[in-house]
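Scroll down for the structure; my scribbles are underneath it.
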Amino acid sequence: MEQGETFSDDPQENLRIENEFLKLKLKAQYGDAFQMGINAEMPPEIENQFLKNMMAFEDEYANAEYSTIYERIGKPVFKPVAQITTAEIKLAVKNITTLLAKNYISLDICDGPYPDETIYRFLTEELFDIKVERKPVAGIDSHFIYEEFHPNHKADIVKRTHTFLQNFFKRHFNEYCTELSWHCITAEGVQLTREDVVSKMNIFFEAFEKFTSDAYNIDETSFELQEADSRGMGFAEGVLKYDAVMDNGETMHYEGPYKLYMQMEDNWWSIFYFVVPGFKC
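Take a look at the structure:
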């Protein structure tokens, strides 16, 4: 459909035809990556502008020139890690992250704090070399997460432990709970699916009205990595307690050691076997 070409005397109908043409063009150009459902009540003028903005964005992205982050932020002068002093490094990290933010680049740190030297080394020796669009897309930041480059396995195991135990005390698990592995094993060595394990847990939970007076601590975590295939094995252990209140008001007190055995696949730790007082899988 050429600019200015019309198919109807009705301007609204022309817009609807143009919108369908634009959607077909986007679908042809980007295939299944373009999936769009327009609200039937959306005015054709707004839909038309939206589609044109999308095409402009996609064209800009497809034709973007790339450079390193270091080049994009103007090649600032910085000292190698071996030459910078402890007194200088904190301010240097702040100055670099401020310069990154001005150029629509952000570094998120999820499981810190880490030593300033560690972050400075990462910024100057790794992040600076990553290629991004030479010119930022208006309104869009490039986000990087430190732990995606250097996973904090201990912190991940601790987080998975907190999530599992808190959900246990809330009696809230389903087949989508990512702290459990897709396949788990029982004390007898029988393999069960995550759905089977959750079903057994829910049967246990339904025997009680609520859990109260719950508490736990994490005494130890440990892990070993198999670098060859990016897998790992680990565990967390400690002591917990809770009161399980039945419908008739009777309370059963559970207290003792727990242990969660975990495996890592695709950089994600999940629990495949666990021992928790009161529950037997």
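Residue numbering for the sequence shown follows our numbering, beginning at 23 and increasing consecutively.
No residue lacks a Cβ here, since even glycine has one placed at the ideal position from N, Cα and C.
{"Check": "Taking 7 Å as the cut-off, decide whether the C-beta atoms of G254 and I179 are in contact.", "Outcome": "no"}
{"Check": "For a quick check, are the C-beta atoms of V220 and E197 less than 7 Å apart?", "Outcome": "yes"}
{"Check": "Where I106 and K116 are concerned, what is the direct C-alpha to C-alpha distance, given to the nearest angstrom?", "Outcome": "14 Å"}
{"Check": "Is F233 closer than 7 Å to A266 when the C-beta atoms are compared?", "Outcome": "yes"}
{"Check": "Taking the Cβ atom as the reference point for each residue, do E201 and F186 lie within a distance shorter than 7 Å?", "Outcome": "yes"}
{"Check": "By Cβ distance below 6 Å, which residues in the same chain neighbour D236 in space, the five residues on each side in sequence not counted?", "Outcome": "F191, Y264"}
{"Check": "Is the beta carbon of H165 closer than 7 Å to that of S128?", "Outcome": "yes"}
{"Check": "Hey, is the stretch 89–104 in contact with the stretch 63–80, meaning 3+ C-beta pairs nearer than 8 Å?", "Outcome": "no"}
{"Check": "Check whether the Cβ atoms of M284 and F230 sit closer than 7 Å, and answer yes or no.", "Outcome": "no"}
{"Check": "Let me know the secondary structure DSSP gives R253 once reduced to three states.", "Outcome": "strand"}
{"Check": "Figure out for me which residue from T273, W204, I91, V212 has the closest Cα to the Cα of F144.", "Outcome": "I91"}
{"Check": "Let me check one thing: in DSSP terms, what residues is G278 bridge-paired to?", "Outcome": "L262"}
{"Check": "Sorted by chain position, which residues of the same chain lie with C-beta nearer than 6 Å to K47's C-beta, five sequence neighbours on each side aside?", "Outcome": "none"}
{"Check": "Which residues mark the beginning and the end of the beta strand (DSSP E) in which F296 is found?", "Outcome": "290–297"}
{"Check": "Hey, I95 and D130: beta-carbon distance below 7 Å or not?", "Outcome": "no"}
{"Check": "Just curious, the beta strand (DSSP E) that H165 is in, first and last residue?", "Outcome": "164–167"}
{"Check": "How is Q285 classed by DSSP in three states: helix, strand or coil?", "Outcome": "strand"}
{"Check": "Let me know the alpha helix (DSSP H) ranges lying completely inside the stretch 172–197, each 4 residues or longer, listed in chain order.", "Outcome": "175–192"}
{"Check": "When you compare only the Cα positions, how much space is there between M23 and L73?", "Outcome": "With a pLDDT of 49 at M23, under the threshold of 50, the predicted position of this residue should be treated as unreliable, and no value is reported."}
{"Check": "Quick check: what's the CA-CA separation for G300 versus E287?", "Outcome": "29 Å"}
{"Check": "Can you check which of these residues, M76, I293, A86, R38, is closest to C199 by C-alpha distance?", "Outcome": "I293"}
{"Check": "Would you mind sorting W204 into buried or exposed? The rule is 16 or more other CB atoms within 10 Å of its CB.", "Outcome": "exposed"}
{"Check": "Suppose you measure from the CA of A86 to the CA of G278; what does that come to, to the nearest Å?", "Outcome": "59 Å"}
{"Check": "Assign M274 to buried or exposed, taking buried as 16 or more other Cβ atoms, counted over all protein chains shown, within 10 Å of its Cβ.", "Outcome": "exposed"}
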